[in-house]
Structures are given as C-alpha cells and as structure tokens.
Amino acid sequence: MSETNAPKLRSELAPETCWDLTQIYKTDADWEEAFRTLDDLLAAHQACRGHLADSAEALKRGLETGDALGLRLETLYSYAHLKSDEDLANGKNAGRRDRIAARYAEIEGETSWFDPELLAMPEARFKELMDDPVLAFYRRTLEDTARQRPHTLSEPEERILGLASDVFSTGNHAFCKLNDADLRFPHIKDDKGNDVELTHGNYIKYLENTDRRVRQDAFAACYKTYSSFANTIAALLDGTVKAGVLEAKLRHFPSARAASLFPDHVPESMYDGLIDAVRAKLPLLHRYFELRRRVLKLNKLELFDLVTPLVRPAKVLYSWEEGCDLVRQAVKLYGAEYCEALEHAFKDRWIDVYECRGKTSGAYSGGCYRKPPYVLLNYTGTLDSVSTLAHELGHSMHSYLSDRAQEYHYAGYCLFAAEVASTTNELLLNHYLLEHAQDDNLRAYLLTHLLDLIRGTVFRQTQFAEYERDIYAMSEEGEPLTAEALSDHYYKLNGEYFGSGVVNNEPIRFEWARIPHFHYNFYVYKYATGLSAAAKLSADIIAGNPAPALRFLKSGDTRDVLDLLRDAGADFATPEPVNAAMRLFETSLDQLESILLK
Ligand SMILES: [Zn+2]
0 MSETNAPKLR
10 SELAPETCWD
20 LTQIYKTDAD
30 WEEAFRTLDD
40 LLAAHQACRG
50 HLADSAEALK
60 RGLETGDALG
70 LRLETLYSYA
80 HLKSDEDLAN
90 GKNAGRRDRI
100 AARYAEIEGE
110 TSWFDPELLA
120 MPEARFKELM
130 DDPVLAFYRR
140 TLEDTARQRP
150 HTLSEPEERI
160 LGLASDVFST
170 GNHAFCKLND
180 ADLRFPHIKD
190 DKGNDVELTH
200 GNYIKYLENT
210 DRRVRQDAFA
220 ACYKTYSSFA
230 NTIAALLDGT
240 VKAGVLEAKL
250 RHFPSARAAS
260 LFPDHVPESM
270 YDGLIDAVRA
280 KLPLLHRYFE
290 LRRRVLKLNK
300 LELFDLVTPL
310 VRPAKVLYSW
320 EEGCDLVRQA
330 VKLYGAEYCE
340 ALEHAFKDRW
350 IDVYECRGKT
360 SGAYSGGCYR
370 KPPYVLLNYT
380 GTLDSVSTLA
390 HELGHSMHSY
400 LSDRAQEYHY
410 AGYCLFAAEV
420 ASTTNELLLN
430 HYLLEHAQDD
440 NLRAYLLTHL
450 LDLIRGTVFR
460 QTQFAEYERD
470 IYAMSEEGEP
480 LTAEALSDHY
490 YKLNGEYFGS
500 GVVNNEPIRF
510 EWARIPHFHY
520 NFYVYKYATG
530 LSAAAKLSAD
540 IIAGNPAPAL
550 RFLKSGDTRD
560 VLDLLRDAGA
570 DFATPEPVNA
580 AMRLFETSLD
590 QLESILLK
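Position 468 of the sequence shown, counted from 1, bears residue number 467 in numbering that gives the first Met the number 0, the numbering being contiguous throughout.
This is the structure in structure tokens:
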C-alpha cells in the first residue's frame, strides 16, 4: 500500500481482492457467443417496425423485443467495459470493448424508429392502446412517450433539428477545447520558492496551501488568465445558451429551463424552491466563514482562504479489512436485509480493490441487470478511500436491490436518484466515524469534511443553479450575454452568497468563465438536491426509520423520481430536504466551534 512502490502487476494481486467477472460470462468465448446472438435479437425487434399500431399484442412484442435486445447489449457492454478497465494496455480487452461500443451505437441508430413510430400514431389510437390491459405493465413508459407529443415536431422538422444538433453544441465544444487544451496558466512561486506552472490539476492544491501568499498568487493567476479570454468565453456561453433557448422555443416549451427539467418531471417551481430554501440559510454559511476567519487568525477572510484546511488531516490508514468493517458498521442502521446484501459484495468478489499496472484510475460502481453490481476502486487506506468505498457500495446496493425487486424494463434509475443512494452512505459513514472518534483532531477533521461537503454541494451548486437560471432568463428577454453582463451578475450573486464576512475580491467576477457546468444546461442543481435528499434519508435511518429509504432503493424507475423521493421522506415540494442538510450543517458547525474555539 506504500505510495512509493511502483504499482503491482495484476497477476501479482491476491485473487480475493480482484473482482470476479466470470459471474457475467464464464469465458471470453461465452461473450463471443452472446455477441453473435445480437443479430437475431435485432431482427426480431426490427420485424415489429411498421406494426406497432396493429394491436396491443403487436406493440407489446415491440417493447419486449426491444427490452431483450437492450438487456443483451447492456450485458455484453458491461463485461467488455469492466474487463478492459482491469488493464487499459491490454489490446485484446480494448478491442472487445471497442467492438461492442461500435455495435451498440449502430444498433441504437437502427432502432431509433421506435418512438417516432409511436408518436406518428393518431392520438386516439395511441390512447386506446395505452388503456389496453395487455399493455398494463408498459403503461408508465407509454405515458412518458405521450408526454413527448406536444414537444415533437413533424418528421422533416425533426430531421433538420437532428442534423443541426452537432452545430448547436459548437459553443460547448469550443469551450472544452479552449479550457482543456489551449489555455495556459502562468507560473507562480510555491511555498518553497520554486517556480511552478499553474494547471487545472494543481490549482486546488495551491488554494489549500497553508502559505497565504501562495493561495493569493494562485487565485490571482487563475482569474487573470480567464479574464483575458472573457470575451471569447462569453461568446461561446452565449451561443450555448441561445441554442438551448431556440430548441426549447421550437419544441414549444415555456423556457429553456422547463425543457431541461422535463425528462425528470421536475417543475420549475421546485428549482426556484431549492434556491429560496438555500438562500434562507445563508447566515449559517456565513457563520462557518467567521469560524474559518477566527481559526486562521485573519483580519479579513478572502476568497482564497476558503479551502485551506482548518485542522491537520487525519493520519490514520485503514487496512482493507478495517475499511470494509467501517462501512459494514456504518450501514448497519439500514437493517438486516441491506447488510445481508452487502455481504455479497465482500464475499462474492464484486470489488476490485487495489491499484495495479494499467488499471483505470478513480472509482465507480458498474454492472448490468441481475449480475453483480461491481465496484472498481484504487484503495489506499485513507479516510477518503473508505468514504469512496461507502459511496460506491451505495450505488451498488441501489442497483442490487432494484434489480431484485423490478423487471429489467423498470430496474434502472435516473441520475437524479443515483447520487442519493451513494451520498446517504457517505453521510452514514461520517456519522459512525464521528460517534466513535477518540480524539478531537479526528472529530474536527470529520466535521470540517462534512461542512465542506455541504458547502460545496448544496450552497455552491445552488449559487451556480441560480446564476444559470438568471443568465438563461436574461437571454430569453433578449439581453446579450456579454462578458460584462455575465461578470456583473456573477459578482453580485457571489457577494450575496458569501456575505459581508468574505472580501468579494474583484478577480472573482470572472469565475463564471471557469465553470464548465454552465455549458451543460441545468445540471448542477441535481448535486444540491441529491445531497439534500441524502441528508433527509440518512437522518431518518439514524433515527431508526430505514424503511422509506429501503423502499426507495428497491423502486428503480417505477415512478417519477420526485414521487419516489417524497415517499422516502424527501418532499421537494417543500424546503424540508434542504432543511435536513442545513440541520446537519448547523449541528456540525456547533460541534466544530466548540472544539476549535475552546
Ligand atoms: Zn456517485
């Protein structure tokens, strides 16, 4: 586990610490055989083309053959993708992954007739079929298709929009190229006086530096760079926003935001409610900044003083067995059913634990229907590593429980729901560790971690969500999104969110130019809602009421995500989920103050 050692070869790892993919396909040859069956499955589905309106039975056949094809594709892809992540340098594995990815895309293109054929049916006929008991199981899917009708255009119009979609994304695409490839940051001096080039990757490291001069230099250099491209980035963002506004208008949505929220059935009022609920609690955030200022012994807190650690990092390393045990203990409150399912992850080799040469970096949970929901880790034994294990197992348990409870068609869950399950586990782990922490430094470290998580996820992402709402509204009202207009509004909002206790330093005017998420319309609010829902679910679990959360984990996509969350106790028609996150923030802040201001 030592960091200085070169990574081991995969063949040198203990097999029980590697995932066992033979639970998907026993051998590569079995995968090949399954791959060959795709043609027959595709043919069966294609035979339904032109016949969906014939009868309820015919439509059912169309849906069933589509599911069978989808399940086979997903299973093939899953095996190939997981296998290739074991060692990215393995050409045979990469070849298998590329083959299925290409075939997947091809089949998606060949089967894209399905929804348009449904929508081309006269509305009365569609309704008749939808009401037919033969299609009762698929009713939810058909209702969802029916929702698209007012927003679907004629065939030639759809064709034009389809052809133009690539052009519409030029703004976003060009921003990525500028930001990731062309942009160069200046050199600064690090805390040892070395000349270092600032990069996206090391920026946060310098902002965390305990030498204030380094933080200030990194901050200034970063925003000076963005300010010098402000007009270009503004024009690109303006293009992305205009494309969103235009497409929403063409598709008869009241606004670009309404169009973006439509697939998740999220009303615009919920989005506004999130902003109002978070704004109402800004004084708590300001209290945390005041604590930071006092602990760091500063006269004035600057924006570059916000991420430098308040306490020494917890030095403890946890062996793999200890890490697993911590997660086991932390989720015990979920009850026996969850814990028994979790044991499969450890005993049946769902987890690929350690780094090895060529293995993909980071961590994820992935798999396919009714096969093990595998977890890829690069476990190092730090507290963060254990937290990642809890997070990814949260996704895996969600998949496992949904898969067991639901048919394939409704077993998947949307992104909005996904991060709720994983962050609930992170919060349960934090709770457990805090309850058992032996010394104040570890306690303070865990509390700071939690406060920064809520600050970064709920407060900050809501600030971004508000900014995004406002710039789209400006554009919809015909106001050009110039660098000046974008910066002025950003600066104003930033001042309001950070409060008078933090110097609203001029360079932050250009932060909007640094945030890639503003180019992916209306996505960031899901971070804030996800953690808020997790705060509510974990509070209920800790209070001895895990049943609603468990029900949520078994629901897959059987209902709209906001309905599922409401039944799980997180009703986003009210400020309650945000308030649950805020209660957690406040109690953690109380405790941290009592430790650090002693
Ligand atoms: Zn996740």
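Note that CB positions come from ideal geometry on N, CA and C, so glycine has one too. Since this is a predicted model, take the numbers as computed values, not measurements.
Alpha-carbon to alpha-carbon, residue j and residue i
i	j	result
Met0	Thr16	Note that Met0 has pLDDT 43, beneath the 50 cutoff, so the model's placement of it is unreliable and no number is given.
Arg153	Leu284	The residue asked about is misnamed: residue 153 is Ser in this sequence, not Arg. The straight-line gap from Cα to Cα measures roughly 50 Å.
Thr3	Tyr378	Residue placement at Thr3 cannot be trusted, given a pLDDT of 48 that sits under 50; the coordinates are not used to answer.
Pro282	Tyr222	27 Å
Tyr78	Leu12	20 Å
Thr307	Arg293	13 Å
Leu162	His80	30 Å
Asp562	Leu414	15 Å
His518	Arg278	24 Å
Gly322	Leu177	41 Å
Leu446	Leu305	15 Å
Lys7	Ser384	19 Å
Leu433	Leu290	20 Å
Val523	Ser227	26 Å
Ala173	Leu452	31 Å
Leu376	Arg9	14 Å
Leu552	Ser401	6 Å
His186	Leu235	27 Å
Gly366	Trp349	10 Å
Arg183	Lys525	31 Å
Gly543	Tyr205	42 Å
Arg35	Tyr137	28 Å
Pro115	Thr151	9 Å
Ala358	Ile159	Rather than Ala, the amino acid found at residue 358 in this sequence is Lys. About 42 Å.
Ala101	Leu332	44 Å
Leu591	Leu297	18 Å
Gln460	Asn578	16 Å
Check: residue i C-beta below 7 Å from any heavy atom of ligand 1
i	result
His488	no
Ser421	yes
His394	yes
Glu418	yes
His390	yes
Whether residue i touches residue j by CB criterion (8 Å)
i	j	result
Gly416	Ile594	With the sequence shown as reference, residue 416 is identified as Ala, and Gly is not the correct amino acid for it. Result no, Cβ atoms of Ala416 and Ile594 do not sit closer than 8 Å.
Ala546	Leu583	no
Leu608	Ala329	With the chain represented from 0 up to 597, any question about residue 608 goes unanswered, as that position is not in the structure.
Leu536	Ala569	yes
Leu588	Tyr270	no
Glu467	Phe521	yes
Glu391	Ala420	no
Tyr496	Gln462	yes
Glu425	Ala389	yes
Glu246	Ala257	no
Pro371	Gln22	yes
Leu118	Thr144	yes
Tyr373	Trp18	yes
Leu249	Ala313	no
Asp263	Gly411	no
Leu273	Thr528	yes
Leu37	Ala67	no
Phe509	Tyr202	no
Within-8 Å CB hit, residue i to chain C
i	result
Pro282	This model lacks chain C altogether, as it is built from one protein chain only.
Checklist entry - Taking three-plus beta-carbon pairs below 8 Å as touching, is the stretch 338-352 in contact with the stretch 407-421? => result no
Item to check | Stretch pair the stretch 105-122 + the stretch 380-399: three plus CB contacts closer than 8 Å | outcome: no
Item to check | Whole beta strand (DSSP E) elements within the stretch 143-194, 3-residue minimum | outcome: 186-188
Checklist entry - Does the pairing of the stretch 187-198 with the stretch 478-494 give three or more beta-carbon distances under 8 Å? => result no
Next on the checklist: Check whether the stretch 57-69 and the stretch 130-140 touch, using three or more Cβ-Cβ pairs below 8 Å as the test.
Outcome noted: yes
Item to check | the stretch 237-244 touching the stretch 316-335, judged by at least three CB pairs closer than 8 Å | outcome: no
Item to check | Cβ contact check for the stretch 84-103 and the stretch 40-47: 3 or more pairs under 8 Å | outcome: no
Item to check | Sequence ranges, beta strand (DSSP E) only - wholly within the stretch 198-232, length at least 3 | outcome: none
Checklist entry - What beta strand (DSSP E) runs, 3 residues minimum, are completely inside the stretch 352-431? => result 363-365 and 373-375
Checklist entry - At which residue ranges does the stretch 487-560 contain complete alpha helix (DSSP H) runs of 4 or more residues, listed in the order of the chain? => result 524-541 and 546-552
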